[in-house]
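Q: Numbering follows our numbering, with no gaps: position 67 of the sequence shown is 81.
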Amino acid sequence: MKNGKSGLVLLLLILCAIIIGGFLGEFFKGSSLLGFLSWGFPIGTTDQAGHLNPLVLNLKMLELSFGFLVNINLVSIIAIILGIWVYRKL
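1. Pull up the distance between the alpha-carbon of residue 41 and that of residue 97, whole angstroms please.
2. For the stretch 28-44 and the stretch 59-75, state whether three or more C-beta atom pairs, one from each stretch, are separated by less than 8 Å.
3. Is there contact here, the stretch 68-79 with the stretch 88-102, by at least three beta-carbon pairs under 8 Å?
4. Can you find a heavy atom of the ligand SAM that lies under 7 Å from the Cβ of residue 26?
5. So, helix, strand or coil for residue 36, using DSSP?
6. Can you tell me whether residue 90 is helix, strand or coil according to DSSP?
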């Protein structure tokens, strides 16, 4: 690691960027001027309709479900780019 940077800091910056971008995307959803910023798509274990479709492991006495869903929007992508830029400036 050069200059004391760690991958954990980058991961936390990207995670915060996704969360903040998601909130801002939902906030701008009803806006006529900035409504395009809420455009996005789901990434994860989804079906064709975009609904969560987890992987289910049924062991008869225990049933485990594994799934994740991240709704990425335009504001999230911009926030991720800004987060990486901030990381590089550290």
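Just so you know, even glycine gets a beta-carbon here, dropped at the ideal spot from N, CA and C.
A: Reading it off the structure:
1. Across the structure, residue 41 and residue 97 are spaced so that their CA atoms are roughly 20 Å apart.
2. The stretch 28-44 vs the stretch 59-75: no contact.
3. They do not touch, by the three-pair rule.
4. No copy of the ligand SAM occurs in the structure displayed, which carries no ligand at all.
5. In the structure shown, residue 36 sits in a helix (DSSP, three-state: H, G or I).
6. In the structure shown, residue 90 sits in a helix (DSSP, three-state: H, G or I).
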